[in-house]
Every structure is written in C-alpha cells, then in structure tokens.
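K.L.:
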Amino acid sequence: MPFSRPEQRVGDAFAAGFLYGWLGGEPPARWGLYGAVAGAHACTVASTRTEAIGLDELIGRVASLDGASSAVRDGAVAGDRA
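Just remember that the working numbering sits 73 ahead of the position in the sequence shown, which is counted from 1.
As structure tokens, then:
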C-alpha cells in the first residue's frame, strides 16, 4: 500500500461526500455538509486504516446536523430572538 498523508484522505472523503450530495440531487446546502461529515470521519480513523464512513452513518449524521442547524436558525435552541 502506498504511503498517504492524512490530509489526502480527508480531501478525498470530503470530495466523495460532496459529490454524493450533488449528484444525488440534494439541495446545495447539503453538498458541503455531506463533505464535511465524511471528511471529519476520515480525521478520526487511525492512519494505518482506510475505513470510510458508511452511507447509512453519513446520511444519519447529516440529518441530525441539518436538523440542529434548522433549530438554531429558527431560534428553538437559542431562545427567542426578539
């Protein structure tokens, strides 16, 4: 197996997540979220392993983050913003 630097894996993971969202017809705001979640997962995997995030886990994490960002945007988490 050729030597790879961790930042290369993160970039590849981000690109894969981004393309999954884009080519899958998701709204543009989710493209980067898929990429960010996949890239963050790549940061957590030891450099001697090459495990990618699974599709079900990726979709689940993005859904939970997307819901949380909607709640913050709508004021449900931060309280009333009068």
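Backbone N, C-alpha and C define an ideal beta-carbon position, used for all residues, glycine too.
If you're wondering where the values come from, they're calculated on a predicted model, not measured in any experiment.
1) Give the straight-line distance between the Cα atoms of G84 and G140, rounded to the nearest whole angstrom.
2) Apart from the five residues just before and just after Y107, which ones in its own chain have a Cβ nearer than 8 angstroms to its Cβ?
3) Which of the three DSSP states, helix, strand or coil, is assigned to P101?
4) Under a three-way DSSP split, which group does A125 fall into?
5) Assign A111 to buried or exposed, taking buried as 16 or more other Cβ atoms, counted over all protein chains shown, within 10 Å of its Cβ.
P.N.:
Here's the rundown:
1) Using only the alpha carbons, I get a separation of about 25 angstroms.
2) G90, F91, Y93, G94, E99, L131 and V135
3) If DSSP states are grouped into helix, strand and coil, P101 belongs with the helices.
4) Here A125 sits in coil by DSSP.
5) buried
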